[in-house]
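Residue numbers (this note's numbering): 345 to 523.
Report on the following structure.
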């Protein structure tokens, strides 16, 4: 009975000793770097070759598993730019992955093609673009030509967070993105 109690005690102490390391591996570091990435870069500090290689092998395997499960997502700069372009017109929270490295490229304008157009009850235009974005007119400016599928659209940032849209090189009207 004493052997079993010692074995149980040893198992409990071993598990208790492991918990802080498991929690540390899952929690993000203060600098914003994910713990799993930090663990990978910490392997560089090991001077002994075999131990450093073992560290890299273990960290790379953990990173690969985390990416496969969706716990870690790797986004390259081009993908980040594409997300910024797709989100043009929306107010998004600041996400550091889009702001690391080179200077932040602010998207100031966008172009598109009308997929469909309709007027709401107040006579404002609702335009769906081929990329899926939906924009709604918010001012009373009139369009001389009815927007039709295939017409080019230009959207640019204006003052105070508003946007100006023109369809087929007509005069601009204020719009906001709804989808």
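From the three backbone atoms N, C-alpha and C, an ideal C-beta is built for every residue, glycine too.
Asked: Under a Cβ-count criterion, where at least 16 other Cβ atoms within 10 Å of its own Cβ denotes burial, should residue 506 be classed as buried or exposed?; Found: exposed
Asked: Classify residue 470 as helix, strand or coil using the three-state DSSP reduction.; Found: strand
Asked: From residue 394 to residue 385, what does the alpha carbon distance come to, in whole angstroms?; Found: 16 Å
Asked: Assuming the contact rule is C-beta atoms closer than 8 Å, residue 477 and residue 494 should be a hit. Round their C-beta distance to whole Å, please.; Found: Going by Cβ atoms, the distance from residue 477 to residue 494 rounds to 16 Å, so no, they are not a contact pair.
Asked: Using three-state DSSP, classify residue 427 as helix, strand or coil.; Found: helix
Asked: The alpha helix (DSSP H) with residue 381 in it runs from where to where?; Found: 379-386
Asked: Run through DSSP, which three-state label would residue 505 get?; Found: helix
Asked: Tell me whether residue 497 is buried or exposed, calling it buried when 16 or more other Cβ atoms sit within 10 Å of its Cβ.; Found: buried
Asked: Taking only three categories from DSSP, how would you classify residue 389?; Found: helix
Asked: On the DSSP bridge list, what partners appear for residue 521?; Found: 479
Asked: What does a CB cutoff of less than 8 Å around residue 502 pick up in its chain, not counting 5 residues either side in sequence?; Found: 508, 518
Asked: Given this structure, state the Cα-to-Cα distance separating residue 381 from residue 426, to the nearest angstrom.; Found: 24 Å
Asked: For residue 452, tell me which candidate among 460, 432, 516, 469 has the shortest Cα-Cα distance.; Found: 432
Asked: By how many angstroms is the C-alpha of residue 484 removed from the C-alpha of residue 491?; Found: 15 Å
Asked: Where residue 408 and residue 464 are concerned, what is the direct C-alpha to C-alpha distance, given to the nearest angstrom?; Found: 50 Å
Asked: Tell me which residues share the same chain as residue 514 and place their Cβ nearer than 7 Å to its Cβ, disregarding the 5 neighbours each side in the sequence.; Found: 487, 488, 489
Asked: Return helix, strand or coil for residue 365, following the three-state DSSP convention.; Found: Since pLDDT at residue 365 reaches only 39, below the 50 mark, its modelled position is unreliable, and the value read off the structure follows with that caveat. DSSP places residue 365 in helix when its eight states are reduced to three.
Asked: Could you work out which residue in 460, 480, 459 is closest to residue 466 when comparing CA atoms only?; Found: 480
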